[in-house]
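Residues 1 to 144 in our numbering are what the sequence shown lists, from first letter to last.
Don't be surprised by glycine CBs; every beta carbon is placed ideally from N, CA and C.
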Amino acid sequence: MFDIIPFRRRPNSMASGFFGKDFFDSFFNDDFFFFPSSGIRADIKETEKEYVVEAEIPGVDKENIEVELRDNYLTISANRNEEYNEERENYIRKERRTGKICRSFYVENVRNEDVTASYRNGLLRIVLPKTHEGKSRGYRININ
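Spelled out as C-alpha cells, the structure:
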C-alpha cells in the first residue's frame with residue numbers, strides 16, 4: 001500500500017522489471033521530482049548599507065535563471081528543462097520534463113543600477129545596495 005508514496009528511499013536492487021517496484025522507487029527518488037515545490041530556498045541579510053540575498057537553485061544553468069527588480073520587488077525565477085533517453089534490449093524510453101519556480105521579495109530603497117548578482121555551485125548571491133531616495137524604477141539584473 002505504501003510502495004508508491006513519494007518519499008525518498010533507495011532501492012535494494014537495480015535489476016527489477018520495467019514496471020516493478022524499483023521503477024516507481026526511482027521515479028519518486030528522482031531529483032527533478034523533488035524540485036522545491038515551496039519555491040526557492042533563500043537567506044536574506046540586511047545591513048545598514050545593503051541587502052544580501054543568497055538563494056539555493058541547484059541543478060539549474062545560469063542561463064535559465066532570471067533576476068528582476070521592479071517596484072521594490074526582487075523576483076528570482078528559474079526554468080529547468082530535461083530530456084532523458086534510454087535504450088535497452090527491447091524497449092526505448094524517452095522522457096521530457098520541464099519546470100519553473102519563482103520567488104519574490106519586497107525590498108525598499110535599493111540603488112537599482114548598483115545591484116550585482118553571481119551564481120556558483122547552485123547558489124545565487126544578490127547584493128542590493130541601499131539608498132535613501134524615494135521611488136525607484138524597474139531594472140533587470142545580469143548574473144555573473
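- Around the Cβ of Ile92, a 10 Å sphere holds fewer than 16 other Cβ atoms; the residue is exposed.
- Residue nearest to Thr116 within the set Asp61, Tyr51, Gly99 and Arg88 is Tyr51 (criterion: CA-CA distance).
- When the alpha-carbon of Lys45 is set against those of Glu66, Leu74, Val127 and Glu68, the nearest one is in Val127.
- Remark: C-beta atoms of Gly39 and Gly122 do not approach each other more closely than 8 Å.
- Taken through DSSP and simplified to helix, strand or coil, Lys49 comes out as coil.
- Ile143 and Glu86 have their C-alpha atoms roughly 34 Å apart.
- Of the candidates Thr47, Arg96, Leu124 and Asp114, Leu124 places its Cα closest to the Cα of Ser77.
- Tyr119 is classed as buried because its beta carbon has at least 16 other beta carbons within 10 Å across all chains shown.
- Under the three-state reduction of DSSP output, Asn79 falls in the strand class.
- Tyr73 and Glu82 have their C-alpha atoms some 30 Å from each other.
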